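A.B. asks:
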Amino acid sequence: MALKGNLRDYTITHLFRLINLAQKTGTLIVDGPNEKVLVSFREGKLAYAQAGQEDNSLVTILYQAKKLTAPQYRALKERAGNMSDKELGLLLVNANYINQQDILASLQNHFVAIVNRLFTWVEGFFRFESDLLPPEDKITVRVNLENIIIEGARQLHELEQLQDEIPNLDIALKFADRPGANIRNFNLSMDEWQVVRYINPKNTIRQIARATKMSDLQIRKIVYALLQAGLVELVRPEGAPRPAPPPQIAGRIPVSQPNPEEQRSLINRLINRIRSL
Amino acid sequence: MQTVKMVVTGPFNAGKTEFIRSVSEIDVVSTERKISTESERVKETTTVAMDFGRITVDEDLVLYLFGTPGQKRFDFMWEILSEGMLGFVVMVDSARPETFREARSILETFRAYAPTPYVVAANKQDREDAWEIDDMRIALRLDPKIKLLPCVATEKEMVKNVLLELLYSILADMESKGGG
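These protein sequence lines map, in sequence, to chains A and B. Every position in the first sequence, counted from 1, becomes a number in our numbering once 6 is added. Every position in the second sequence, counted from 1, becomes a number in our numbering once 6 is added.
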């Protein structure tokens with residue numbers, strides 16, 4: 007049966023915890039708004055990760071990790087283009103370019119960096135394929151998920167705190183009435199200025215996020231900072247309907263409580279009755 | 007006439023009304039209304055106050071099954087419904103992981119209202135996209151001692167099994183406390 011869902015509701019941290027505890031083997035495929043990431047696991051440990059169409063070849067990873075110089079990288083790209091990562095790794099170790107530990111550490115850092123990027127995603131669909139394993143020619147690692155989960159949980163905690171502070175993105179912002187305060191006198195970042203440009207009771211926070219191409223986490227961080235600085239206030243968007251009053255509470259039905267001595271017999275009577283249904 | 011009750015709770019659209027309907031000897035007294043919140047428009051109607059079904063045990067004893075309203079803004083009803091219950095069933099839609107966190111929160115709320123035994127029913131297990139029971143246990147952070155039971159709320163035998171498992175848990179709980 008499927009292990010799939012939406013990241014908005016079931017986070018990467020939760021998924022990793024599940025994969026770790028259930029010691030799963032397979033590949034988690036996450037389709038985000040802008041890219042697709044594949045993360046493979048072997049018995050609950052991180053084995054491999056690939057982000058979108060990024061160059062995931064060993065030679066590129068080693069060059070990015072500064073284990074190869076630019077001339078070495080160019081030479082290897084030209085001459086070893088047809089070699090698999092495993093063959094290339096062996097060649098590099100035998101030629102004393104690099105040792106095995108450096109190769110594994112570089113790969114590990116690369117895969118963990120891809121995974122860490124996932125923790126900032128709040129949108130996207132995921133599915134876990136137990137039959138899908140990393141390509142045969144790729145070198146895999148074995149990284150415990152605990153530390154990765156702790157780091158992810160930190161990021162998630164930050165997001166959750168922000169969600170508590172600003173639970174609803176369908177609310178608008180207006181500049182606070184603060185005599186003497188002029189927004190131009192504050193040191194705002196480029197991103198904050200981008201948001202400030204759209205502040206108007208007609209625009210919801212969600213609409214501002216869309217206009218500025220920001221994620222939910224990014225927009226919440228900025229709005230929270232502006233709220234904390236007392237520059238803006240949350241307001242109901244202009245034209246939004248007012249919530250309906252709650253309905254009347256239905257009358258209670260009196261339910262009697264049997265004493266402890268009677269309960270065993272009572273439960274057994276219930277069991278017999280339900281069996282006979 | 008003695009009456010006892012069990013509560014069937016869970017997130018919106020978890021299948022609580024169907025569950026009760028499958029075993030109730032009366033047509034479920036339902037307080038369904040058309041859904042007003044766009045984001046919750048997975049189905050046309052939802053329970054706004056409570057559902058209740060009835061199982062007559064004998065001429066002296068009646069079991070009422072109460073279903074809580076699924077939409078969060080009616081959670082003021084929960085405390086009233088949990089008063090005096092023998093135990094409760096938490097229904098979870100196995101195919102909607104987005105509701106797992108809410109299910110966990112409902113479970114904790116009910117446990118706080120009344121420390122009675124409970125079981126968790128992993129409903130809609132017949133759906134192709136349903137999560138596996140073991141995965142759901144981890145996702146819901148359920149203690150291994152808590153029963154997580156596969157369920158299809160429209161299938162009477164599975165509903166009976168959930169209720170029986172709850173009753174066995176109640177019996178075991180009484181024995182562990184030295185009652186009865």
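Beta carbons: idealized from backbone N, C-alpha and C, even for Gly. It should be emphasised that the depicted structure is a prediction, and the values quoted were computed from it without experimental measurement.
(1) Output needed in chain order: residues of the segment 11-35 of chain A with a Cβ under 8 Å from some Cβ in chain B.
(2) Is there a Cβ of chain B sitting closer than 8 Å to that of I67 (chain A), yes or no?
(3) Looking only at C-alpha atoms, which of A:I109, A:S63, A:K219, A:V149 sits nearest to N26 (chain A)?
(4) Counting along the chain, where does the beta strand (DSSP E) carrying N174 (chain A) start and finish?
(5) With three or more beta-carbon pairs closer than 8 Å as the criterion, would you say the segment 159-179 of chain A touches the segment 54-61 of chain A?
(6) In whole angstroms, what is the alpha-carbon distance linking K183 (chain B) and E268 (chain A)?
(7) If you measure between the beta carbons of L9 (chain A) and D141 (chain B), is that distance less than 8 Å?
(8) Are G93 (chain B) and Y124 (chain B) closer than 8 Å when you measure CB to CB?
(9) Within 8 Å (strictly less), CB to CB, does L5 (chain A) reach chain B?
(10) Return yes when the Cβ of A178 (chain A) is within less than 8 Å of the Cβ of T210 (chain A), no when it is not.
(11) Hey, E157 (chain A) and P39 (chain A): beta-carbon distance below 8 Å or not?
(12) Return yes when the Cβ of N19 (chain B) is within less than 8 Å of the Cβ of D99 (chain B), no when it is not.
(13) Can you give me the Cβ contacts of M164 (chain B) inside the same chain, cut-off strictly under 6 Å, excluding the 5 residues immediately before and after it?
(14) Tell me, please, which residues DSSP counts as bridged to S46 (chain A).
(15) Quick one: which residues of the segment 187-219 of chain A get their C-beta closer than 9 Å to a C-beta of chain B? List them in chain order.
(16) Run down chain A in chain order and give the residues with a C-beta less than 9 Å from the C-beta of P103 (chain B).
(17) Please report the residue range of the beta strand (DSSP E) in which G59 (chain B) lies.
(18) With a Cβ-Cβ cutoff of 8 Å, do V121 (chain A) and V45 (chain A) count as a contact?
(19) In the DSSP assignment, the alpha helix (DSSP H) including V201 (chain A) goes from what residue to what residue?
(20) Helix, strand or coil, according to DSSP, for Q59 (chain A) in the structure here?
(21) Could you pull out every residue in the same chain whose Cβ sits closer than 6 Å to the Cβ of Y103 (chain A), ignoring the five residues on either side in sequence?
(22) Quick check on L173 (chain B) - is its C-beta less than 8 Å from some C-beta in chain A?
(23) In its own chain, which residues sit with a C-beta less than 6 Å from the C-beta of W137 (chain B), not counting the 5 before and 5 after it?
(24) Between the segment 231-245 of chain A and the segment 187-206 of chain A, are three or more C-beta pairs nearer than 8 Å?
(25) Distance cutoff 8 Å, beta carbons only. Does M97 (chain B) sit that close to anything in chain A?
(26) Taking Cβ positions only, does V14 (chain B) come closer than 8 Å to chain A?
(27) If you measure from the beta carbon of I61 (chain B) to each beta carbon in chain A, is any gap under 8 Å?
(28) Look at P17 (chain B) and E108 (chain B) and say whether their C-beta atoms are less than 8 Å apart.
(29) Which chain A residues are close to L71 (chain B), counting only those with a beta carbon under 9 Å from its beta carbon?
(30) Does I177 (chain A) come within less than 8 Å of chain B when only Cβ atoms are used?
(31) Could you pull out every residue in the same chain whose Cβ sits closer than 6 Å to the Cβ of L67 (chain B), ignoring the five residues on either side in sequence?
(32) Kindly indicate which three-state DSSP category L13 (chain A) falls into: helix, strand or coil?
(33) Verify whether the separation of the beta carbon atoms of R162 (chain B) and S28 (chain B) is less than 8 Å.
(34) Secondary structure at E161 (chain B), three-state DSSP: helix, strand or coil?
(35) Assuming contact is defined by CB atoms lying nearer than 8 Å, are L87 (chain B) and F106 (chain B) in contact in what I supplied?
C.D. replies: Walking through what the data contain:
(1) G11, N12, R14, D15, Y16, H20, R23, L24, L27, A28
(2) Position 61 of the first sequence, counted from the first residue, corresponds to residue 67 (chain A). Taking Cβ atoms only, chain B never reaches closer than 8 Å to I67 (chain A), which makes this a no.
(3) Position 20 of the first sequence, counted from the start, is the residue given in the question as residue 26 (chain A). Nearest of A:I109, A:S63, A:K219, A:V149 to N26 (chain A), Cα basis: A:V149.
(4) Against the first sequence, residue 174 (chain A) aligns to sequence position 168. Counting along the chain, N174 (chain A) falls outside any beta strand (DSSP E), and DSSP gives it neither H nor E.
(5) no
(6) As a working note, residue 183 (chain B) is residue 177 in the second sequence. As a working note, residue 268 (chain A) is residue 262 in the first sequence. So the alpha carbons of these two residues sit roughly 14 Å apart.
(7) As a working note, residue 9 (chain A) is residue 3 in the first sequence. As a working note, residue 141 (chain B) is residue 135 in the second sequence. Yes; because the gap between Cβ atoms is below 8 Å, this pair is in contact.
(8) Reading the second sequence from its first residue, position 87 is the one you call residue 93 (chain B). Reading the second sequence from its first residue, position 118 is the one you call residue 124 (chain B). Yes. Within cutoff.
(9) Missing from the structure shown is residue 5 (chain A); chain A here goes from 7 to 283 and no further.
(10) The residue labelled residue 210 (chain A) in the question sits at position 204 within the first sequence. The residue labelled residue 178 (chain A) in the question sits at position 172 within the first sequence. Yes. Within cutoff.
(11) As a position in the first sequence, residue 157 (chain A) is number 151, starting the count at 1. As a position in the first sequence, residue 39 (chain A) is number 33, starting the count at 1. For E157 (chain A) and P39 (chain A), no; Cβs fall outside 8 Å.
(12) Here residue 99 (chain B) is taken as the residue at index 93 of the second sequence, counted from 1. Here residue 19 (chain B) is taken as the residue at index 13 of the second sequence, counted from 1. Going by C-beta atoms, D99 (chain B) is nearer than 8 Å to N19 (chain B).
(13) What you label residue 164 (chain B) is simply residue 158 of the second sequence in a count that begins at 1. Result list for M164 (chain B): C157, V158, in chain order.
(14) What you label residue 46 (chain A) is simply residue 40 of the first sequence in a count that begins at 1. DSSP lists A:T33, A:Y54 as partners of S46 (chain A).
(15) none
(16) Your numbering for residue 103 (chain B) matches position 97 in the second sequence. Correct list: L9, K10, G11, N12, D15, Y16, H20.
(17) Locating residue 59 (chain B) in the second sequence gives position 53, counting from the first residue. Residues 57-64.
(18) Sequence index remark: in the first sequence, residue 121 (chain A) carries index 115 (1-based). Sequence index remark: in the first sequence, residue 45 (chain A) carries index 39 (1-based). Taking 8 Å as the Cβ cut-off, V121 (chain A) and V45 (chain A) qualify as a contacting pair.
(19) For this step, residue 201 (chain A) is matched to residue 195 along the first sequence. 196-203 is the extent of the alpha helix (DSSP H) around V201 (chain A).
(20) Here residue 59 (chain A) refers to the residue found at position 53 of the first sequence. Here Q59 (chain A) sits in coil by DSSP.
(21) On the first sequence, position 97 is the one that residue 103 (chain A) refers to. Closer than 6 Å at Cβ, skipping near neighbours: no residue.
(22) For the purposes of this step, residue 173 (chain B) is identified with residue 167 of the second sequence, where counting begins at 1. It does; some Cβ of chain A falls within 8 Å.
(23) Here the question's residue 137 (chain B) lines up with position 131 in the second sequence. Result list for W137 (chain B): S100, in chain order.
(24) yes
(25) Locating residue 97 (chain B) in the second sequence gives position 91, where the first residue counts as 1. No, its Cβ sits nowhere closer than 8 Å to a Cβ of chain A.
(26) As a working mapping, residue 14 (chain B) is identified with position 8 in the second sequence. Chain A contact via Cβ: absent.
(27) Taking the first residue of the second sequence as position 1, residue 61 (chain B) is located at position 55. So, interface residue.
(28) For the purposes of this step, residue 17 (chain B) is taken as the residue at position 11 of the second sequence. For the purposes of this step, residue 108 (chain B) is taken as the residue at position 102 of the second sequence. Yes, these two residues count as a Cβ contact at 8 Å.
(29) Start at 1 with the first residue of the second sequence, and residue 71 (chain B) comes out as number 65. Here the premise fails: no neighbours, minimum Cβ distance about 11 Å.
(30) In the first sequence, residue 177 (chain A) corresponds to position 171, counting from 1. With 8 Å as the cut-off, I177 (chain A) does not count as an interface residue toward chain B.
(31) Locating residue 67 (chain B) in the second sequence gives position 61, counting from the first residue. Closer than 6 Å at Cβ, skipping near neighbours: Q8.
(32) Sequence index remark: in the first sequence, residue 13 (chain A) carries index 7 (1-based). Of the three classes helix, strand and coil, the one that applies to L13 (chain A) here is coil, per DSSP.
(33) Numbered from 1 along the second sequence, position 156 holds the residue referred to as residue 162 (chain B). Numbered from 1 along the second sequence, position 22 holds the residue referred to as residue 28 (chain B). One detail in the question is off: residue 162 (chain B) reads as Lys in this sequence, not Arg. Contact: yes.
(34) Working through the second sequence from its first residue, we reach residue 161 (chain B) at position 155. Looking at E161 (chain B) - three-state DSSP - the assignment turns out to be coil, as it is neither helix nor strand.
(35) In the second sequence, the residue the question calls residue 87 (chain B) occupies position 81. In the second sequence, the residue the question calls residue 106 (chain B) occupies position 100. No, Cβ-Cβ distance for L87 (chain B) and F106 (chain B) is not below 8 Å.
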